[in-house]
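Student:
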Amino acid sequence: MKKIIWMLSILVISGEIFGQTADSTNYTPLHWAASQGYVEMLKVLINKGYDINKQDESGFTPLHYAAVSGQLAAVEFLVDSGADLYIVNNENYTPMTMAARAGEQPIVDYLFIKMRSVRVDQLKAQVEKARVESDLVKAAKARVEAEQLRQKADEWTAEAKRWRDEAEKWNKEAQKWKAQQVMLDKIAAERLAEAIKAKQASEDKFQSEKAARLAAERIVTELVANERAQAQAVQAAQAALNAQRATDAAIANLADELLKQSEQYQIDTDTNMEDTNRALNNESSDTYDSYSYDSVADLNSLNHTLPPDSTDLPEVDDPAISISSDDYSTSSVSDIEE
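Below, the structure is given as structure tokens:
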């Protein structure tokens, strides 16, 4: 690996990789080596005379690139080689700030310790140097140093302010995201409420349609039942009419039959009366003195031939009773006819 880095260093130095020591953006091989963590190449380039605090067009130094890339070994080498810990890029961010933004906590811890120790070492050196110098020089230098310290304090204050501004920026961003989340939650709740309302409306509509269908079915059922009842009533009326017609026909037939029987009975009655009159007329023409027992029997037989509604002749049971020809006259025949 060292041989490869050494060869890359030779190529960089000879201009085979970048073609020149710095391009139009002031990006040098030292920046690239720091971002890749090639410590051996950094040594070669620094020895070659590259500016350890050279800033590109974004204000990044090699220490910025090493810090934001998480190259702890390169950061340590650059710090030990005299890289400026407080130099800022175009966004006013130091290498430690860039490491913090990149989430490189080990580099942040290292740079913080180094920056604090540099402060202490500088103060100690200044105090020691002030003891050696004269009072006036010490006073003047003390004022200068105080001003420098004040400036450093101002720098630290500005740095703290930048941190506060950054925190406020992120806080505002968080509040913005929170407000957006609240708005999204509200929209989601409204959408959910609308969906529930639409579902309830659909359910109500379904129930209404179902009730309407059931009502229609009941109406149809009632209509069918009414039609069936009407049909049954019509059938019953037709049956009653048919029965009435049959009864009327039977009565008519019976009346015809009775009429025929009455006519036949009248004919039979007339025939019997004619026969009786004829027989009586024939017997009245004969001369006899009295009826015998046989004549009485014949009279009784004649009485049985009369119709049921005619006046019955008294039956003669006593043979001693005799009827003379004078007593049996035409008037008797008229009585029999009546």
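Using the UniProt record's numbering, the first residue of the sequence shown is number 1, and each one after it goes up by one. C-beta atoms are modelled at their ideal positions from N, C-alpha and C, and glycine is treated no differently. Model, not experiment: these values are computed from the prediction.
#1: Ordered along the chain, which non-local residues of its own chain (more than five positions away) have a Cβ less than 6 angstroms from that of L30?
#2: How many Å lie between M96 and A73 at the Cα?
#3: Cβ of Y38 within 8 angstroms of Cβ of E76?
#4: Rounded to a whole number of angstroms, what is the C-alpha to C-alpha distance between S262 and A243?
#5: What residue does the alpha helix (DSSP H) around T97 start on, and which one ends it?
#6: With a Cβ-Cβ cutoff of 8 angstroms, do I52 and L78 count as a contact?
#7: What do you get for S69, buried or exposed, if any count of 16 or more other CB atoms within 10 angstroms of its CB means buried?
#8: What first and last residue would you give for the alpha helix (DSSP H) that runs through K48?
#9: Compute the Euclidean distance between the alpha carbons of Y288 and L259, then round it to the nearest angstrom.
#10: Give me the residue from M183, A212, K114, P106 with the minimum Cα distance to G82.
#11: My output table needs one value for Q148: the three-state DSSP class, helix, strand or coil.
#12: Which two residues bound the contiguous alpha helix (DSSP H) that contains Y65?
#13: Is there a Cβ of chain D sitting closer than 8 angstroms to that of Q200, yes or no?
#14: In this structure, does DSSP put T157 in helix, strand or coil?
#15: Assuming V75 is part of the alpha helix (DSSP H), what are its boundary residues?
#16: Would the beta-carbon of N26 fall within 8 angstroms of that of K54?
#17: Quick test of your reading: I107 and A67, contact by CB under 8 angstroms. State the CB separation rounded to the nearest angstrom.
#18: Tell me which residues share the same chain as S35 and place their Cβ nearer than 6 angstroms to its Cβ, disregarding the 5 neighbours each side in the sequence.
#19: Taking DSSP as the reference, what is the three-state secondary structure of N242?
#20: Can you give me the start and stop residues for the alpha helix (DSSP H) that L30 sits inside?
#21: On a Cα-Cα basis, can you pick out the residue from K48, Q105, S24 that is closest to E57?
#22: Report the rounded CA-to-CA distance for Q235 versus A229, giving the unit in angstroms.
#23: Given this structure, state the Cα-to-Cα distance separating A102 from A201, to the nearest angstrom.
#24: Could you tell me if Q232 is buried or exposed, where buried requires 16 or more neighbouring beta carbons within 10 angstroms of its beta carbon?
#25: Which of helix, strand or coil does DSSP assign to Y86?
#26: Assign M41 to buried or exposed, taking buried as 16 or more other Cβ atoms, counted over all protein chains shown, within 10 Å of its Cβ.
#27: Since I believe N92 is in contact with R162 (beta carbons under 8 angstroms), could you give me their beta-carbon distance rounded to a whole number of angstroms?
#28: Can you tell me whether A33 is buried or exposed, with buried defined as 16 or more other CB within 10 angstroms of its CB?
#29: Exposed or buried, which one is E168 when buried takes at least 16 other CB atoms within 10 Å?
#30: Using only the alpha-carbon positions, how far apart do E274 and R245 sit?
#31: Mark M98 as exposed unless 16 or more other C-beta atoms lie within 10 angstroms of its C-beta, in which case mark it buried.
#32: Rounded to a whole number of angstroms, what is the C-alpha to C-alpha distance between E257 and D270?
#33: Taking all protein chains shown into account, do 16 or more other C-beta atoms lie within 10 angstroms of the C-beta of E217, making it buried, or fewer, making it exposed?
Tutor: Let's see:
#1: L45, Y50, P62
#2: 15 angstroms
#3: no
#4: 27 angstroms
#5: 95-102 is the extent of the alpha helix (DSSP H) around T97.
#6: yes
#7: buried
#8: Element bounds for K48: 39-48.
#9: Note that Y288 scores a pLDDT of 49, beneath 50, so its modelled location is shaky and nothing firm can be said.
#10: K114
#11: helix
#12: 62-68
#13: Among the chains of the structure shown, chain D does not appear; only one protein chain is present.
#14: helix
#15: Run containing V75: 72-80, per the alpha helix (DSSP H) assignment.
#16: In contact: N26 and K54 (Cβ atoms closer than 8 angstroms).
#17: Between I107 and A67 a beta carbon distance of about 5 angstroms is seen, short of the 8 angstroms cut, so the two are scored as contacting.
#18: Excluding residues within five positions, the ones whose Cβ falls inside 6 angstroms are Y65, S69.
#19: helix
#20: Run containing L30: 29-36, per the alpha helix (DSSP H) assignment.
#21: S24
#22: In this structure, the straight-line span from the alpha carbon of Q235 to that of A229 is close to 10 angstroms.
#23: 54 angstroms
#24: With fewer than 16 other Cβ atoms inside 10 Å of its own Cβ, Q232 counts as exposed.
#25: The answer is coil: DSSP assigns Y86 none of H, G, I, E or B.
#26: buried
#27: 6 angstroms
#28: With a 10 Å radius around the Cβ and a threshold of 16 neighbouring Cβ atoms, A33 comes out buried.
#29: exposed
#30: 42 angstroms
#31: buried
#32: 19 angstroms
#33: It is exposed - the Cβ of E217 has fewer than 16 other Cβ atoms within 10 Å.
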